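Residue numbers for the sequence shown follow the working numbering, so the first one is 780 and each next one is one higher.
Glycine included, C-beta positions come from ideal geometry on N, C-alpha and C.
Everything numeric in this text was worked out from a predicted model, so none of it was measured.
Report on one structure; see the data block that follows.
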Amino acid sequence: MTPSIALATILIAGAIFTSPWMIRPAKAEWEFVSRIDPIDDTKWAYAYATSAYDWKGDRSLFIVCTTDRSIEIRIDWMEYIGGSERPVIYRFDHDKADSDLFWTHETITGWDLNNNKEGAAVVSGAGFLQRLAASERFVARVQDFDFDTHTHIFDTKGFDRVLPSLLEYCPDYHPPTEAERQAAMIARQEAARQTAELARQQAEEELRSAELSRQRAEAERARIEAERRRIEAARQRAEEGRRAAELARQRAERERQNIKTTRQRAEEERLAAILARQQAAEERLLPEEERITLAEAIRSEDERIERESAALIEAARKRYVDAIRLKIEAEWVKPPGTPDGLLCVVKVEQLPGGEIVSVEVLKSSGDSLFDRSVEAAVRAAGMLPAPSDPSIFDREIVITFAPEA
């Protein structure tokens, strides 16, 4: 090599593996130095990585030599790896999964070794360096003398920072003209503008998505709150229904006692009147007119007693029906979306113990959902309240259900 030959050398840290899928490049931070050989005045330039060892501690170097005639790549595996008949397969990788590394590749033929245990091959000019700077990893696969395959991957991140200095030593590299620099600057500005515009659009989309998520969350909170209020209102209605049913039961018990007392008193009065008539007839002490008056008085008293008894029984029957209605209302849950003020008439068939046999809608409210909710409430009641007097029990009870009337 003559002193007129300019030489640039690049050292790239990497890792050596025998499996093409177990690839872990060492991280590199690039530095650049240059010097002149004192023997032949050859100009040298070095770009080297501060981290030159892989996780196994094995060192691997990737060397690019630029002269005024050509660019060569040199790969030092720390062992002899082959001769000219064995090509080197390589590729520039951009964030590809390890399993995709060798789907596409380029091949360098004319691979050879020197006495320094380096393999060398000629590649294209400055374009190779520029592609190297644009990539994140450089992958090469070679065979040694025993035909064993070696796969190497080199971290090239940060290589673009030393590229301008190295390009000065490339034989086919020509500095850009002012027009080319302006065009490149405009292209960079346009790329930056497009990147900023894309970032702005993405930010707006994220804001819209966040606002939509907030609105959905707010709607969900409102729905949950409405459901909570509905459940609370149903619970309060059920509690009020239970209290009303208990009051009705107590009133029915008092009424039962009143009916029992009234019947006992009426029976006593009837027996007393019969006894009085018998005594009068036997003694024949009263004139005919007085006997008629007495009989009329007795009949009037009997009618009064019957009327009072019937009124008491009717009141007890009404309270009995009210107690059943309140029991059903306590189990009723208003369907969402149904209007207020609906009315539904149902017929309930029961056994003497209060067990429900069937329920039938006699008069619809006009809202099938409301009607079904009433039927469900009747069945949920399970056992209906018992009447205060067994004589007022009805196997079939007609209930007018209007909980919000």
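Sorting R1078, P1164, T1041 by C-alpha distance to the C-alpha of P1131 places P1164 at the top. The secondary-structure analysis by DSSP pairs S1147 with nothing; it has no beta-bridge partner. Annotated three-state conformation of S988 is helix, per DSSP. For T1179, the three-state secondary structure derived from DSSP is strand. For S1137, there is no enclosing alpha helix (DSSP H); the residue is part of the beta strand (DSSP E) that begins and ends at 1135-1142.
By a beta-carbon distance limit of 8 Å, W1111 contacts P1182. Their separation comes to about 6 Å. Annotated as distal: I1103 and I1171, with beta-carbon spacing of 7 Å or more. Contact annotation: K1126 and E1139 have beta-carbon atoms nearer than 7 Å. Burial of E1034 is indicated by the presence of at least 16 other C-beta atoms within 10 angstroms of its C-beta. Within the model, the alpha-carbon separation for G937 versus A912 is close to 8 Å. Residue environment analysis places T1072 among the exposed positions, since fewer than 16 neighbouring C-beta atoms fall within 10 angstroms of its C-beta. When the beta-carbon positions are compared, D1150 and C1123 come within less than 7 Å of each other.
Assigned with DSSP and collapsed to three states, E1128 falls in strand.
Just so you know, the alpha carbons of A1051 and Q1043 end up roughly 12 Å apart. Using a Cβ distance threshold of 7 Å, V941 and I932 do not count as a contacting pair. Contact annotation: T1117 and D1146 have beta-carbon atoms nearer than 7 Å.
F871 sits close to R910, with the two beta carbons spaced by under 7 Å. By a beta-carbon distance limit of 8 Å, A1027 contacts D1101. Their separation comes to about 6 Å. Nearest to A1055 by alpha-carbon distance, out of I1077, Q1036, I1038, is I1077. Here T930 is buried: its Cβ has 16 or more other Cβ atoms, across all protein chains shown, within 10 Å. If you draw a 10 Å sphere on the C-beta of T928, you find fewer than 16 other C-beta atoms in it, and that means exposed. As the crow flies, the alpha-carbon of A966 is around 34 Å from that of A989. With a 10 Å radius around the Cβ and a threshold of 16 neighbouring Cβ atoms, P1166 comes out buried.
For A1159, the closest alpha carbon among the candidates T935, S1137, S914, E997 is that of S1137. Per DSSP, P943 is one residue of the alpha helix (DSSP H) stretching across 942-946. The residue from D1119, Q1029, E1128 with its alpha-carbon nearest to that of S1144 is D1119. Under DSSP, M1162 shares a beta bridge with E1134. Here R1096 is buried: its Cβ has 16 or more other Cβ atoms, across all protein chains shown, within 10 Å.
C-alpha of A975 to C-alpha of E959: approximately 24 Å in a straight line. In summary, S914 is buried, with 16 or more beta-carbon neighbours lying within 10 Å of its beta-carbon over all protein chains present. Residue V1153 holds the alpha-carbon nearest to the alpha-carbon of P1114 among E1019, V1153, N1037.
Close CB contacts of R1098 within its chain, under the 7 Å cut and outside five residues either way in sequence, are with A1027, R1030, A1031, E1034 (chain order). Going by beta carbons, I1084 and A1045 fall inside the 7 Å limit.
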